[in-house]
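Trainee: Dropping the structure in here first, questions after.
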Amino acid sequence: MASNSVTPAVANATEPKGMPSPRQLGRFALRYALVIILALFLVTLAVSNRSFLTFSNMNVILIQVAANALLATGATFVILTGGIDLSVGSIVGLSGVVGALFAQDDGVLTCTEAVILGIAAGTAIGAFNGALVAFARVPPFVATLGNMTVASGLAFVASDGQPISGLSDQFLALSGKVFGLSIPVAVMIVVVVLAWIILARTKFGMHIYAVGGNPQAARVAGVNLRTNRFAVYTISGFLAGIAGVILAARATAGIATNGTGYELNAIAAAVIGGISLAGGRGSIIGTVFGFLIIGVLDNGLNIINVSPFYQLIVKGLIIIGAVFVDSVMNRGDD
Amino acid sequence: MSASAVADKPQPAGDIAVDCSSLTKSYEGVPVLRGISARFMRGTVNVLAGENGAGKSTLFKIISGQVTPDSGHLALFGDDVRRFDARHAQGLGVSIIPQELAPIPDMKVWQNLMIGREKSGFGLLRRKQMIEEAVAMMEGVGLSVDPSLPMKRLNVATTQMIEILKATSRQAKIILMDEPTSSLSGREVEQLFRVIRRLQADGVCILYTSHRMEEIEAISDTVAIMRDGAIIRHAPTSTLTERAIIADMVGREITELFPDRQITESDKPVLEVSNLAVKGYKSLVSFTVKAGEILGLGGLIGAGRSEMLEAIYGMRRATGSLRLDGRDLPLGHMKESIKRGIAMVPEDRKISGILTSLSILDNITLPHLNSFVTPGGLLENGKRRAQALDVLKRTKVAYATLGQKVGHLSGGNQQKVALARWLVTGTPRLLILDEPTRGIDVGARSELYRLINDLAAQGVAVLLASSDMPELINLSHRVLVIREGAIMGELKKNELEQEAILRLAMGRSSNGKQ
Chain C
1 MASNSVTPAV ANATEPKGMP SPRQLGRFAL RYALVIILAL FLVTLAVSNR SFLTFSNMNV
61 ILIQVAANAL LATGATFVIL TGGIDLSVGS IVGLSGVVGA LFAQDDGVLT CTEAVILGIA
121 AGTAIGAFNG ALVAFARVPP FVATLGNMTV ASGLAFVASD GQPISGLSDQ FLALSGKVFG
181 LSIPVAVMIV VVVLAWIILA RTKFGMHIYA VGGNPQAARV AGVNLRTNRF AVYTISGFLA
241 GIAGVILAAR ATAGIATNGT GYELNAIAAA VIGGISLAGG RGSIIGTVFG FLIIGVLDNG
301 LNIINVSPFY QLIVKGLIII GAVFVDSVMN RGDD
Chain P
1 MSASAVADKP QPAGDIAVDC SSLTKSYEGV PVLRGISARF MRGTVNVLAG ENGAGKSTLF
61 KIISGQVTPD SGHLALFGDD VRRFDARHAQ GLGVSIIPQE LAPIPDMKVW QNLMIGREKS
121 GFGLLRRKQM IEEAVAMMEG VGLSVDPSLP MKRLNVATTQ MIEILKATSR QAKIILMDEP
181 TSSLSGREVE QLFRVIRRLQ ADGVCILYTS HRMEEIEAIS DTVAIMRDGA IIRHAPTSTL
241 TERAIIADMV GREITELFPD RQITESDKPV LEVSNLAVKG YKSLVSFTVK AGEILGLGGL
301 IGAGRSEMLE AIYGMRRATG SLRLDGRDLP LGHMKESIKR GIAMVPEDRK ISGILTSLSI
361 LDNITLPHLN SFVTPGGLLE NGKRRAQALD VLKRTKVAYA TLGQKVGHLS GGNQQKVALA
421 RWLVTGTPRL LILDEPTRGI DVGARSELYR LINDLAAQGV AVLLASSDMP ELINLSHRVL
481 VIREGAIMGE LKKNELEQEA ILRLAMGRSS NGKQ
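Protein chains in written order, with UniProt numbering: chain C, 1 to 334; chain P, 1 to 514.
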């Protein structure tokens with residue numbers, strides 16, 4: 001065919017640069033619709049309710065979101081590879097119970113050992129998920145749905161269905177403060193920053209995006225699909241383990257049902273933050289916005305006395321809205 | 001009869017990059033390779049010519065370790081390959097560029113180029129260095145693309161070039177290219193050739209498949225002609241003529257690629273398009289297609305022809321009005337379009353033309369299932385089979401059984417199936433063809449041309465979008481040239497020339513004036 005010196009390398013070049021077209025404006029509005037609606041909600045709250053926009057309330061929100069932040073970070077890794085992890089809620093319960101069992105006030109094991117064992121339990125389930133998905137080629141939805149039940153069952157067995165209390169003071173101190181910062185919040189900040197560095201600045205991170213973006217192309221480029229898939233589920237389990245231990249310390253007991261339903265909050269945070277469920281698209285910064293939005297929303301709805309039942313409905317609709325926006329945006333790419 | 005100067009001349013063993021001896025492979029008892037023996041040297045470009053289904057892809061898969069041969073030997077650089085494994089082959093320096101593009105659409109251009117070859121320091125990526133390297137790679141072939149653009153913003157041709165760059169820069173010693181130029185335009189083919197010549201100078205052995213004759217002459221040192229799973233001739237390109245290559249490929253001389261146009265068109269318009277505005281394009285388009293007429297749509301890749309055809313078929317949103325056989329046709333109602341007799345063979349048959357995982361029978365009868373339903377709501381399979389057999393015979397599809405999955409057919413036969421499905425319940429009123437012969441070999445091509453021509457002679461109105469100039473010029477009765485979704489001009493049969501079409505396609509007037 002002819003020289004295409006007139007055809008630029010970029011598709012859709014018909015759209016002028018400079019001024020955004022009405023279509024682009026529409027897409028922009030849609031993409032940030034959720035953020036805009038929530039911002040309006042926050043402004044209304046801040047203006048109408050004195051107790052919302054206070055330093056202590058902000059601190060409360062951060063402590064409340066810390067556990068979900070860890071789970072959402074794990075979910076981000078998993079979803080970026082095109083997978084899903086439904087087991088993290090149950091892992092939270094299991095890790096909490098295991099940590100609590102070994103953190104009894106009897107002094108048999110040190111607090112550090114208890115924490116390590118609790119986190120190890122979560123990591124083990126995560127690694128099991130990863131092995132199923134990466135090596136046995138079980139679809140992620142099924143593998144992690146199965147392990148959601150397995151982990152939950154293990155937690156009930158280990159705790160005999162009872163809350164494990166009588167925890168050592170050092171263990172309980174995990175919900176306290178370090179350098180004036182609440183420990184859960186400090187852990188959250190460290191984890192999020194590390195996750196950002198890994199995803200945006202390392203080879204491993206680049207490979208995660210490649211695996212989710214086009215597994216075939218990644219494989220041809222020499223990316224090992226199996227190890228990367230195995231790794232992200234293990235990371236997700238590990239972070240859920242940390243969240244479980246922290247929540248047990250906050251609840252002053254290991255409770256098998258402590259994380260029930262948390263997997264949905266984690267996935268919601270990632271999706272609201274723009275992590276595409278199709279894989280390969282999104283950034284941890286988005287996830288941070290996602291879990292902050294959910295946290296602020298929970299807190300705000302509580303402050304204005306919306307029944308928790310209605311809160312569920314609101315949250316569900318927001319998740320659907322986020323996925324809808326994602327799919328509309330994808331359609332626009334064709 | 002692999003008697004050839006190249007193969008017979010004694011060569012130092014170290015210079016033999018690929019040495020195949022008596023390779024055979026069968027799938028489900030059907031032999032695909034029947035004893036391939038050939039040697040390909042370092043620093044040479046070798047074209048594998050052959051119709052689709054001749055066994056080229058299978059040979060590529062064996063060399064790249066994706067498929068284990070049933071018998072025979074393969075040696076790479078003198079070492080016998082015992083384990084057929086893709087990673088192992090990659091380690092030996094074999095790189096394959098598949099026909100289907102494999103970009104990572106959401107990642108940036110530089111990331112796409114550098115994936116698998118990351119540069120890190122203290123565990124962190126050296127982004128700047130990687131971006132510079134990516135830019136250098138692109139500049140080496142005269143490609144100037146912003147490395148930070150997401151891959152999905154590039155057009156098909158640029159994407160293809162990036163993919164080729166990616167594969168060739170991976171320390172490859174043997175590069176297999178499966179029709180690398182099928183979506184490239186002239187200038188980009190030149191860029192690709194520059195890459196190939198550089199690789200050749202570095203001692204890389206290149207195996208290349210192509211259906212474009214002019215490319216074979218321009219780039220290759222040797223031609224290996226494959227037919228029915230065997231290499232029937234392997235000779236230096238300079239000793240072969242185009243005619244001889246084609247004759248060997250098909251096993252007969254194709255006297256006429258294009259059938260004589262039997263123009264039997266009436267004045268009766270079949271399709272009347274007025275003020276059609278396709279979503280995403282600004283222009284209003286109006287034209288008519290008469291019964292028995294083949295109306296060609298010319299233009300460059302990305303000119304908006306496919307979008308226009310999809311709008312007429314009802315697949316894509318548009319405004320304006322359509323009339324079929326003098327009656328209004330609602331826009332955006334594919335079901336109605338099918339019912340009224342519009343048939344569509346879309347551009348990318350694997351995406352929207354056929355269902356590769358379904359059988360031939362199911363593919364052919366899918367659009368017409370309503371006409372095979374008994375009053376009880378069940379499918380009349382006997383009638384379905386009878387009608388399918390009938391159209392398969394008419395369209396000369398080469399297949400084993402009706403239950404065979406369409407994905408197992410060669411590209412040419414897949415395309416025939418995509419067309420055959422519209423002939424089940426009689427002939428359509430309007431046949432829409434979008435790049436009907438892309439990636440299809442000469443033999444199947446000429447049969448498709450004959451079929452299209454016959455349909456037109458029977459009074460079917462045909463809309464043919466094609467980027468293949470000879471095809472457009474020799475099949476069409478009239479051509480509309482499209483650019484950015486607008487009709488730039490109309491060329492009558494006696495005005496059909498490549499230059500005139502190109503001038504219009506590039507935004508000039510047909511007679512060379514501005």
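Here a beta-carbon is modelled for each residue, glycine too, at the ideal position from N, C-alpha and C.
(1) Quick one, which of P:107, P:149, P:190 has its alpha-carbon nearest residue 207 of chain C's?
(2) Would you please state the rounded distance, in angstroms, between the beta carbons of residue 268 of chain C and residue 294 of chain C? I believe it to be under 8 Å.
(3) Is the separation between the beta-carbon of residue 296 of chain P and that of residue 472 of chain P shorter than 7 Å?
(4) So, for residue 16 of chain C: in the same chain, excluding its five sequence neighbours on each side, which residues have a beta-carbon less than 6 Å away from its beta-carbon?
(5) Leaving out the 5 sequence neighbours to the left and right, which residues in its chain are closer than 8 Å to residue 332 of chain C when beta-carbon positions are compared?
(6) Residues bridged to residue 27 of chain P by DSSP?
(7) Take every Cβ of the region 229-238 of chain C, pair it with every Cβ of the region 148-158 of chain P, and state whether three or more of those distances are shorter than 8 Å.
(8) Name the DSSP beta bridge partners of residue 105 of chain C, please?
(9) Assign residue 137 of chain P to one of two classes, buried (16 or more other C-beta atoms within 10 Å of its C-beta) or exposed (fewer than that).
(10) Let me confirm a value: residue 203 of chain C is counted as buried when at least 16 other C-beta atoms fall within 10 Å, else exposed. Which label applies?
(11) Grouping DSSP H, G and I as helix and E and B as strand, with all else coil, what is residue 178 of chain C?
(12) Could you check whether residue 87 of chain C and residue 144 of chain C sit closer than 7 Å to each other, using their CB atoms as the reference points?
(13) Might you give, ordered along the chain, the residues of its own chain that have their beta carbon closer than 7 Å to the beta carbon of residue 371 of chain P, omitting 5 neighbours on each side?
(14) Is there a C-beta anywhere in chain C that falls below 7 Å from the one on residue 104 of chain P?
(15) Is residue 374 of chain C close to chain P? Criterion is C-beta to C-beta, closer than 7 Å.
(16) Can you tell which of P:507, P:496, P:369 has the C-alpha that lies nearest to the C-alpha of residue 483 of chain P?
(17) Output needed for residue 96 of chain P: all residues of its chain with C-beta closer than 6 Å, excluding positions within five of it in sequence on either side, in chain order.
(18) Along the chain, where does the alpha helix (DSSP H) that runs through residue 386 of chain P open and close?
(19) To be precise: take each residue of the region 125-152 of chain P, compare its Cβ to all Cβ atoms of chain C, and keep it if any distance is under 9 Å. Which residues remain?
(20) Going by alpha carbons, who is nearest to residue 68 of chain P out of P:86, P:48, P:77?
(21) Nearest-angstrom Cα distance between residue 495 of chain P and residue 186 of chain P?
(22) Is the beta carbon of residue 25 of chain C sitting closer than 7 Å to the one on residue 266 of chain C?
(23) Apart from the five residues just before and just after residue 400 of chain P, which ones in its own chain have a Cβ nearer than 8 Å to its Cβ?
(24) Tell me the start and end of each unbroken beta strand (DSSP E) in the region 336-373 of chain P that is at least 3 residues and wholly inside, in chain order.
(25) Contact check, residue 93 of chain P vs residue 200 of chain P under 8 Å by CB: the rounded distance?
(26) Which residue wins for smallest C-alpha separation from residue 345 of chain P, given the options P:103, P:452, P:123, P:274?
(27) So which of P:23, P:41, P:25 has the shortest CA-CA distance to residue 16 of chain P?
(28) Of the choices P:461, P:488, P:409, P:450, whose alpha-carbon is the least far from that of residue 27 of chain P?
(29) So, using beta-carbon positions, are residue 271 of chain P and residue 461 of chain P closer together than 7 Å?
(30) Of all the beta strand (DSSP E) runs that stay within the bounds of the region 436-491 of chain P, which reach a length of 3 or more residues?
(31) Can you give me, in chain order, the residues of the region 110-122 of chain P that have a beta carbon less than 7 Å from any beta carbon in chain C?
(32) Measure from the C-beta of residue 107 of chain P to each C-beta in chain C and report whether the shortest distance is under 7 Å.
(33) Between which residues of its own chain and residue 198 of chain C is the CB-CB distance below 7 Å, once the five residues before and five after are set aside?
(34) Counting pairs of beta carbons, one from the region 433-451 of chain P and one from the region 410-424 of chain P, are three or more of them closer than 8 Å?
(35) Kindly list, in the order they appear in chain C, the residues whose Cβ is closer than 8 Å to that of residue 90 of chain P.
(36) Starting from the Cα of residue 539 of chain P, find the closest Cα among C:217, C:174, C:196, C:221 and give me that residue.
Mentor: In terms of the structure at hand:
(1) P:107
(2) 6 Å
(3) Yes.
(4) With a pLDDT of 43 at residue 16 of chain C, under the threshold of 50, the modelled position of that residue is not reliable, and the figure given next carries that caveat. Hits under 6 Å: none found.
(5) Note on residue 332 of chain C: pLDDT 47, under 50, position unreliable in the model; no value is reported.
(6) According to DSSP, which records beta bridges pairwise, residue 27 of chain P is partnered with P:30.
(7) no
(8) Looking at the DSSP assignment, residue 105 of chain C forms no beta bridge with any residue, so it has no partner.
(9) buried
(10) buried
(11) strand
(12) yes
(13) 425
(14) True, the Cβ-Cβ gap to chain C drops below 7 Å.
(15) A question about residue 374 of chain C goes unanswered here, because the residues of chain C that appear run from 1 up to 334.
(16) P:507
(17) 64, 176
(18) Where residue 386 of chain P is concerned, the enclosing alpha helix (DSSP H) stretches over 381-395.
(19) 125, 127, 143, 144, 145, 146, 149, 151, 152
(20) P:86
(21) Put simply, the backbone Cα of residue 495 of chain P is about 23 Å away from that of residue 186 of chain P.
(22) It is not a contact, given that the beta carbons lie outside the stated cut-off.
(23) 30
(24) 342-345
(25) Contact flag wrong, Cβ pair sits at about 15 Å.
(26) P:452
(27) Ranked by Cα distance from residue 16 of chain P, the first of P:23, P:41, P:25 is P:41.
(28) Out of P:461, P:488, P:409, P:450, P:409 has the C-alpha closest to the C-alpha of residue 27 of chain P.
(29) yes
(30) 461-465, 478-483
(31) For the region 110-122 of chain P, which is checked against every Cβ of chain C, the residues closer than 7 Å are 111, 115, 116, 118, 120.
(32) yes
(33) 204, 205
(34) When Cβ pairs closer than 8 Å are counted between the two stretches, the region 433-451 of chain P is seen to touch the region 410-424 of chain P, the count reaching three or more.
(35) 222
(36) As displayed, chain P neither begins before 1 nor continues past 514, which places residue 539 of chain P out of reach and without an answer.
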